[in-house]
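A short write-up of the structure that comes next.
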Amino acid sequence: METEQYIKQAVGLANKNVKMNGGNPFGAVIVKKGKVVAEGVNDVAASFDPTAHAEIQAIRQASQSLKTSDLSGCTVYASGQPCPMCLSAMYFSKIKEVYFAYSNEEAEPFGFSTAPIYTQLALPIGQQSLPIWKAEADYAENPYELFHKLKER
89 METEQYIKQA VGLANKNVKM NGGNPFGAVI VKKGKVVAEG VNDVAASFDP TAHAEIQAIR
149 QASQSLKTSD LSGCTVYASG QPCPMCLSAM YFSKIKEVYF AYSNEEAEPF GFSTAPIYTQ
209 LALPIGQQSL PIWKAEADYA ENPYELFHKL KER
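With the working numbering as the guide, the letters of the sequence shown map in order to residues 89 to 241.
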């Protein structure tokens, strides 16, 4: 019953975003220990920020609210199947689990499927449609080494 309640809340946010803001049809809710700690809607159109997806907005809000980037123990409820960027953010923030209402297959007729991006990311870097190159240069200092060295202090 709890899952249904939060999924309905996420879909409600998506519908409200379309009706009230003219935004894209995505909403997300993050719950920890039975309490909603964050909500988000897709603000891409309003903010001109391609990363302003509902799940990302909710993760940002949850991190601020909980004062941590570690969202272990949190569950995401999303109106749509998370795109690769949002799913990556969920992995980085250690989200416990994710539920979504509508799949990529259901979103596809409306132009909202992210399945083609998943397909690209499954290819080796050299075969992806976006050219990605490792730049060779003589760097003054390796930032990874610097971080490690300063962290040891």
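Glycine residues also receive a C-beta, built at the ideal position from the N, C-alpha and C atoms. Note that the structure is predicted; figures quoted are calculated from it, not measured.
- Per DSSP, residue 163 is not a residue of any alpha helix (DSSP H); the beta strand (DSSP E) it occupies stretches across 162-168.
- Residue 104 and residue 167 have their C-alpha atoms roughly 12 Å apart.
- Contact between residue 164 and residue 220 does not hold, since their C-beta atoms are separated by about 28 Å, which reaches or exceeds 8 Å.
- As for any alpha helix (DSSP H) of minimum length 4 sitting wholly inside the stretch 193-241, the runs are 203-210, 231-239, ordered along the chain.
- For residue 96, the enclosing alpha helix (DSSP H) starts and ends at 90-109.
- Annotation: the continuous alpha helix (DSSP H) that includes residue 144 extends over 142-154.
- In the DSSP assignment, residue 180 falls within the alpha helix (DSSP H) that extends over 172-180.
- Distance from the CA of residue 187 to the CA of residue 223, rounded to the nearest whole angstrom, comes to 39 Å.
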